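> Take this structure first; my questions come after.
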Amino acid sequence: MTIRLLLADDHPVVRAGLRAVLDTEPDFAVVAEAATAERAVELAACEAVDVVLMDLQFGRGMHGSEATALITARPGAPRVLVLTTYDTDADILAAVEAGASGYLLKDAPPEELAAAVRTAAAGQSALAPAVALRLMDRMRTPAEALTKRELEVLQLVADGLSNQQISKELFLSQATVKSHLVHVYAKLGVDSRTSAVAAAATRRLIRTP
Numbered sequence: 004m005t006i007r008l009l010l011a012d013d014h015p016v017v018r019a020g021l022r023a024v025l026d027t028e029p030d031f032a033v034v035a036e037a038a039t040a041e042r043a044v045e046l047a048a049c050e051a052v053d054v055v056l057m058d059l060q061f062g063r064g065m066h067g068s069e070a071t072a073l074i075t076a077r078p079g080a081p082r083v084l085v086l087t088t089y090d091t092d093a094d095i096l097a098a099v100e101a102g103a104s105g106y107l108l109k110d111a112p113p114e115e116l117a118a119a120v121r122t123a124a125a126g127q128s129a130l131a132p133a134v135a136l137r138l139m140d141r142m143r144t145p146a147e148a149l150t151k152r153e154l155e156v157l158q159l160v161a162d163g164l165s166n167q168q169i170s171k172e173l174f175l176s177q178a179t180v181k182s183h184l185v186h187v188y189a190k191l192g193v194d195s196r197t198s199a200v201a202a203a204a205t206r207r208l209i210r211t212p
């Protein structure tokens with residue numbers, strides 16, 4: 004059985020490299036490519052696709068996690084395998100919650116990528132070892148782990164947004180944003196926005212510019 008693939012990445016060189024690697028597998032067929040997350044959603048709905056290889060960052064357009072949620076929400080939707088350079092808790096949780104069947108880093112060897120594609124196509128979870136370890140660490144210490152919402156708030160702080168801007172971005176009251184930050188400070192053992200961002204970046208919880 005041939006596994007039909009859609010490559011979603013905004014870098015043509017990356018897509019070309021992926022196609023070259025995947026074309027060496029006799030049971031794979033790259034049937035479509037998308038340079039934007041929006042286009043990936045469109046193609047996943049109209050093309051006969053089994054697995055979407057989805058990047059997370061597409062410049063100023065839709066985020067890969069958002070596209071993943073839209074794709075996986077449809078009945079009979081293809082599986083989505085996230086393929087990215089980001090291994091932060093914020094990115095991993097967003098992708099998994101959006102319905103991704105797997106999460107792989109772009110430095111994975113070709114054989115690991117091929118195995119992950121087959122695993123995802125079979126409806127099973129395909130997580131990079133480092134990603135699986137991070138998720139297990141969160142499960143072991145749930146009281147210390149930042150929630151998805153706390154990570155979202157902290158990521159926006161790292162991006163330079165004020166509490167007011169964060170409240171608008173996430174459709175929260177400013178009081179709720181402040182409450183989330185209080186919890187973040189307590190869990191990270193810090194007392195300021197700058198220290199929280201620095202601590203979270205060191206622990207690879209969020210991305211920093």
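One gets the numbering used here by counting positions in the sequence shown from 1 and adding 3 to each. Glycine included, every Cβ here is placed at the ideal spot set by N, Cα and C. All of these numbers come straight from a predicted model, not from anything done at the bench.
#1: By the three-class DSSP mapping on this structure, what secondary structure does residue 47 have?
#2: Determine whether the beta carbon atoms of residue 208 and residue 135 lie at a separation below 8 Å.
#3: Identify whether residue 214 lies in helix, strand or coil by the three-state DSSP scheme.
#4: Here's the rule: buried if 16 or more other CB atoms are within 10 angstroms of the residue's CB, otherwise exposed. What is residue 61?
#5: Determine the closest residue to residue 57 out of 9, 31, 51, with distance taken between C-alpha atoms.
#6: Expressed to the nearest angstrom, what Euclidean distance is found between the alpha-carbon atoms of residue 172 and residue 164?
#7: Let me know if residue 87 comes out buried or exposed under the rule of 16 or more other beta-carbons within 10 Å of its beta-carbon.
#8: May I ask you to list the residues that DSSP assigns as paired with residue 106?
#9: Extract the residue ranges of the alpha helix (DSSP H) inside the segment 52–82, only unbroken runs of 4 or more that lie entirely within it.
#10: Please name the residue, chosen from 205, 162, 202, 152, that lies closest to residue 181 on a Cα-to-Cα basis.
#11: Kindly indicate which residue of 63, 19, 25, 74 has the alpha-carbon position closest to the one of residue 45.
#12: Where residue 81 and residue 125 are concerned, what is the direct C-alpha to C-alpha distance, given to the nearest angstrom?
#13: Relative to the alpha-carbon of residue 63, which residue among 5, 85, 39, 143 has its alpha-carbon at the smallest distance?
Well, looking at it:
#1: Numbered from its first residue, the sequence shown carries residue 47 at position 44. The answer is helix: DSSP assigns residue 47 an H, G or I state.
#2: The residue you call residue 208 lines up with position 205 of the sequence shown. The residue you call residue 135 lines up with position 132 of the sequence shown. Not in contact: residue 208 and residue 135 (Cβ atoms no closer than 8 Å).
#3: In this structure the chain extends from 4 to 212, so residue 214 is not present and cannot be described.
#4: Numbered from 1 along the sequence shown, position 58 holds the residue referred to as residue 61. That one is buried.
#5: Reading the sequence shown from its first residue, position 54 is the one you call residue 57. Per the Cα distances, 9.
#6: Within the sequence shown, the letter at position 169 stands for residue 172. Within the sequence shown, the letter at position 161 stands for residue 164. Rounded to whole angstroms, residue 172 to residue 164 spans 9 Å at the Cα level.
#7: The residue labelled residue 87 in the question sits at position 84 within the sequence shown. Buried.
#8: The residue you call residue 106 lines up with position 103 of the sequence shown. Beta-bridge pairing links residue 106 to 85, 130.
#9: 67–75
#10: Counted from its first residue, the sequence shown places residue 181 at position 178. Nearest C-alpha to residue 181: 152.
#11: Along the sequence shown, read from residue 1 onward, the residue named residue 45 stands at position 42. Per the Cα distances, 74.
#12: Here residue 81 refers to the residue found at position 78 of the sequence shown. Here residue 125 refers to the residue found at position 122 of the sequence shown. Their backbone Cα atoms lie some 11 Å apart in a straight line.
#13: If you number the sequence shown from 1, residue 63 lands on position 60. When each option's Cα is compared against that of residue 63, the closest is 39.
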